[in-house]
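So the structure is just underneath, and the comments pick up after that.
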């Protein structure tokens, strides 16, 4: 790049939807006019005070925001007990698992559903992995009386039965996708295919900071409410910014939401935790940034798990929400410029963190933030006691108890 | 003149439209795929599109998805497909070949090296489904330098404001997607197609071929009559798939069955003079 170094990390994307070389609009011509329509509507909504006020009203009175910032004292003491003298950072949780529907996904869904209504769309489709985005979308569609179709990999339908039932209770149609490995990437392919065929009345509500521009920027902007709140809450609690932020990365929406408002605060280190599955040295993981290389999938240029011929590899993680061979393009950019550190945690580490958190804090985390917590357990003891970590507790673990029980050999 | 321009000029003189066929390279195995490719010109294919298999073909319907997966299982790579074209060119110097696929395998191969190798192998044009004009700046100079046509899809959703821009970025021929949807899922009516053509003709002198949802000889003849050619893909991939054994392997009559279907399509098109 021959451009001068940015004086802000918060200027992206450019007019072409790029974060450095990442992002863009790599879609078929059939979708291109649609993407441009969404972009135009989104740009208008940013300046629309009534739109913003309605979204904020929903966040406050329907979602239950702001979510608390919780000082995890018992966890902090537990980690200190094992750390060297004077070591063991204070750990806070940003409790987005307390949101209505049990995860951060609802923040961006409500924004997008309002946008769909503004655009005059009368049907909503979504893809989902763990089912959290599907549940959030089905919920918003129930509230706004919109028909909702959720595409979900058949493998995920099996391992996330409670969420499938939830979506159906909320009135959504769940379509199991059997192509490919029948997980999140295949659900996204199928949702894109359906959208192309139903463009006249349908809005595609994407669940993460990936896909063609403007989705990565739009979902990030809606999710940034997490980081904005955390910043204000931390100032109130400690009178200063945290030293480190930690969040799990699948597509990366909860992490972008927490990180983005802090990107220009140089003293704040950031850690995005990818799913290492059975280990990044095996073939069964979902660590796109750690083990992948740049390519083009689902409308954007980003780091992908792919073979030497550019064929996309299947991701693996115990967490259906992290089981994606790509990552949002802004993460790829933040990785290359080195602003965020991308690390990883295995299935087993996440399972251990899942159980520890339940017993020490009385909070059953989703398997996604359990990966973030696994890294916190590793990182906090390496930091001094006067340091502060904020971890995004982006979802609750009710949906995962069956998976966890199976892995622990417990029959329910 | 390129092979593509030559072929459409010759068909214009004949007063008929082109039959453009599509099959995935390596489907269901390299030898069968090669035998079909060799037989296509004699069966009546005027322009040959070869699909470059990709794990995540977002614009394709179930039939072509499955064809792509069969091909990948059989070891399909971009290099392998280029080798097929080189083989084909040993005894065919005139039938245009267009590779159709997605960007990531090309990126992986290296876009510059790919364009050089494709041209050297005897490829005439490219359709890169997920590279719209807005993203083409890293591809266009390389296709131009190698005299490769960059064929673009125009969809019913491509509005009048956008149409000139997309057409300006197109060479070879225009691929008009006759339906809003993925390949092979439904068909457009003759009336819809007749209405769409003048809108495109206003902005381009390039040949226009119609595709997505053309299955029968009658539909192919109608599309070729109204435009400059009919693209048939899913119907051929279906014929191929139906001819396989229960393990997805070619049977002795697989090649003949596919080429018979091509022949039926070609006969219908050849019997139908163009509308204008």
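Residue numbers (UniProt numbering), protein chains in the order written: chain A, 1 to 412; chain B, 1 to 276.
Built from N, CA and C at the ideal position, the CB exists for glycine as well.
Residue 238 of chain A and residue 388 of chain A - do their beta-carbons sit closer together than 9 Å? For the purposes of this step, residue 388 of chain A is identified with residue 388 of the first chain, where counting begins at 1. For the purposes of this step, residue 238 of chain A is identified with residue 238 of the first chain, where counting begins at 1. Contact: yes.
In the DSSP output, which residue or residues are listed as bridge partners for residue 209 of chain B? Counting from 1 along the second chain, the entry for residue 209 of chain B is found at position 209. B/175 and B/229.
Nearest CA to the CA of residue 367 of chain A: which residue from A/135, A/405 and A/378? Translated into positions along the first chain, residue 367 of chain A becomes position 367. Considering only alpha carbons, the answer is A/405.
Give the residues from the region 123-137 of chain B that approach chain A closer than 7 Å (Cβ to any Cβ), ordered along the chain. 129, 130, 131, 132, 134 and 135
What runs of the alpha helix (DSSP H), each 4 residues or longer, lie entirely inside the region 123-165 of chain B? 140-145
Can you name, in chain order, every residue of its own chain whose Cβ lies under 6 Å from the Cβ of residue 63 of chain B, other than the five neighbours on each side? Looking up residue 63 of chain B in the second chain gives position 63. Closer than 6 Å at the Cβ level, and outside the excluded window around residue 63 of chain B, lie 184, 234, 237 and 238.
Inter-residue spacing [alpha-carbon to alpha-carbon] between residue 399 of chain A and residue 159 of chain A: By 1-based counting over the first chain, the position of residue 399 of chain A is 399. By 1-based counting over the first chain, the position of residue 159 of chain A is 159. The straight-line gap from Cα to Cα measures roughly 9 Å.
Rounded straight-line distance, which links the Cα of residue 123 of chain A to that of residue 171 of chain A: Your numbering for residue 171 of chain A matches position 171 in the first chain. Your numbering for residue 123 of chain A matches position 123 in the first chain. Going by the C-alpha atoms only, they are around 13 Å apart.
Proximity winner among A/299, A/380 and A/68, relative to residue 80 of chain A (alpha-carbon distances): Position 80 of the first chain, counted from the first residue, corresponds to residue 80 of chain A. Out of A/299, A/380 and A/68, A/380 has the C-alpha closest to the C-alpha of residue 80 of chain A.
Select from B/66, B/211, B/254 and B/74 the residue whose C-alpha is nearest the C-alpha of residue 153 of chain B. What you label residue 153 of chain B is simply residue 153 of the second chain in a count that begins at 1. Nearest of B/66, B/211, B/254 and B/74 to residue 153 of chain B, Cα basis: B/211.
Could you check the C-alpha separation between residue 300 of chain A and residue 336 of chain A for me, to the nearest Å? Mapped onto the first chain, residue 300 of chain A falls at position 300. Mapped onto the first chain, residue 336 of chain A falls at position 336. Looking at the two C-alpha atoms, the distance is approximately 16 Å.
Within its chain, find whatever has a CB closer than 7 Å to the CB of residue 165 of chain B; leave out the 5 residues flanking it on each side and keep chain order. What you label residue 165 of chain B is simply residue 165 of the second chain in a count that begins at 1. Answer for residue 165 of chain B: 133, listed in chain order.
Just the Cα atoms here: how many angstroms apart are residue 168 of chain A and residue 251 of chain B? Mapped onto the first chain, residue 168 of chain A falls at position 168. Mapped onto the second chain, residue 251 of chain B falls at position 251. Distance between the alpha carbons of residue 168 of chain A and residue 251 of chain B: 44 Å.
Given this structure, state the Cα-to-Cα distance separating residue 214 of chain A from residue 43 of chain B, to the nearest angstrom. Along the first chain, one-based indexing puts residue 214 of chain A at 214. Along the second chain, one-based indexing puts residue 43 of chain B at 43. One C-alpha to the other measures close to 46 Å.
List, from N- to C-terminal side, the alpha helix (DSSP H) runs of 4 residues or more that fit wholly inside the region 22-53 of chain B. 30-43
When we look at the beta-carbon of residue 108 of chain B and count the other beta-carbons within 10 Å, is it buried (16 or more) or exposed? Residue 108 of chain B sits at position 108 when you count from the first residue of the second chain. With 16 or more other Cβ atoms within 10 Å, it is buried.
I need the DSSP call for residue 128 of chain A, collapsed to helix, strand or coil. One-based indexing of the first chain puts residue 128 of chain A at position 128. Of the three classes helix, strand and coil, the one that applies to residue 128 of chain A here is strand, per DSSP.
Rounded to whole angstroms, how far is the Cβ of residue 127 of chain A from the Cβ of residue 188 of chain A, which I believe are closer than 8 Å? Translated into the one-based positions of the first chain, residue 127 of chain A becomes position 127. Translated into the one-based positions of the first chain, residue 188 of chain A becomes position 188. With 8 Å as the limit, residue 127 of chain A and residue 188 of chain A qualify as a contact, their Cβ atoms being about 5 Å apart.
For residue 160 of chain A, does the three-state DSSP call read helix, strand or coil? Here residue 160 of chain A refers to the residue found at position 160 of the first chain. The answer is coil: DSSP assigns residue 160 of chain A none of H, G, I, E or B.
Take the Cβ of residue 10 of chain B as the centre, count every other Cβ of all protein chains shown within 10 Å, and call the residue buried at 16 or more, exposed below. The count along the second chain starts at 1 and reaches residue 10 of chain B at position 10. It counts as exposed.
Name the two residues that bound the continuous beta strand (DSSP E) containing residue 388 of chain A. For the purposes of this step, residue 388 of chain A is taken as the residue at position 388 of the first chain. Residues 388-392.
Could you pull out every unbroken alpha helix (DSSP H) segment of at least 4 residues lying fully inside the region 90-118 of chain B, listed in chain order? 103-109
Is there a Cβ of chain A sitting closer than 9 Å to that of residue 149 of chain B, yes or no? For the purposes of this step, residue 149 of chain B is identified with residue 149 of the second chain, where counting begins at 1. False, the Cβ-Cβ gap to chain A never drops below 9 Å.
Thinking C-alpha only, which one of B/140, B/145, B/124 and B/188 is nearest residue 155 of chain B? Here residue 155 of chain B is taken as the residue at index 155 of the second chain, counted from 1. Nearest option by C-alpha distance: B/188.
Could you list which residues in chain A have their beta carbon closer than 7 Å to that of residue 114 of chain B, in chain order? The count along the second chain starts at 1 and reaches residue 114 of chain B at position 114. The premise fails here: residue 114 of chain B is roughly 10 Å from chain A at the closest Cβ pair, so nothing lies under 7 Å.
Sort A/156, A/392, A/306 and A/330 by Cα distance to residue 320 of chain A and report the nearest one. As a position in the first chain, residue 320 of chain A is number 320, starting the count at 1. Ranking the options by Cα distance to residue 320 of chain A, first place goes to A/156.
Verify the CB distance criterion: does residue 1 of chain A have a CB-CB separation below 9 Å to chain B? Start at 1 with the first residue of the first chain, and residue 1 of chain A comes out as number 1. With a pLDDT of 47 at residue 1 of chain A, under the threshold of 50, the modelled position of this residue cannot be trusted; read the value that follows with caution. No, residue 1 of chain A lies away from the interface with chain B (no Cβ there is under 9 Å from its Cβ).
Taking only runs that begin and end inside the region 36-79 of chain A, name each unbroken alpha helix (DSSP H) of 4 or more residues, in chain order. 49-58
So that I know if they touch, is there some Cβ in chain B lying closer than 9 Å to that of residue 14 of chain A? Position 14 of the first chain, counting from 1, holds the residue named residue 14 of chain A. Chain B, which has no Cβ nearer than 9 Å to the Cβ of residue 14 of chain A, makes this no.
Whether residue 240 of chain B touches residue 200 of chain B by CB criterion (9 Å): Position 240 of the second chain, counted from the start, is the residue given in the question as residue 240 of chain B. Position 200 of the second chain, counted from the start, is the residue given in the question as residue 200 of chain B. For residue 240 of chain B and residue 200 of chain B, no; Cβs fall outside 9 Å.
Can you tell me which of B/262, B/259 and B/274 puts its alpha carbon nearest to the alpha carbon of residue 228 of chain B? Walking along the second chain from the start, residue 228 of chain B turns up at place 228. Among B/262, B/259 and B/274, the Cα nearest to that of residue 228 of chain B is on B/274.
State yes or no: is the beta carbon of residue 366 of chain A nearer than 9 Å to at least one beta carbon in chain B? Here the question's residue 366 of chain A lines up with position 366 in the first chain. Cβ-Cβ to chain B under 9 Å: no for residue 366 of chain A.
Just by C-beta distance, which residues in the region 181-198 of chain A are closer than 7 Å to chain B? 185, 189, 192, 193, 196 and 197
Closer than 7 Å by beta-carbon distance: list the chain B residues that pair up with residue 27 of chain A, in chain order. What you label residue 27 of chain A is simply residue 27 of the first chain in a count that begins at 1. Ordered by position in chain B, the residues that pass the 7 Å Cβ test against residue 27 of chain A are 130 and 132.
When you compare the region 194-209 of chain B with the region 168-177 of chain B, are there three or more beta-carbon pairs, one atom per stretch, that lie closer than 8 Å? yes
Three-way DSSP call (helix, strand, coil) for residue 303 of chain A in this model: For the purposes of this step, residue 303 of chain A is identified with residue 303 of the first chain, where counting begins at 1. Looking at residue 303 of chain A - three-state DSSP - the assignment turns out to be strand.
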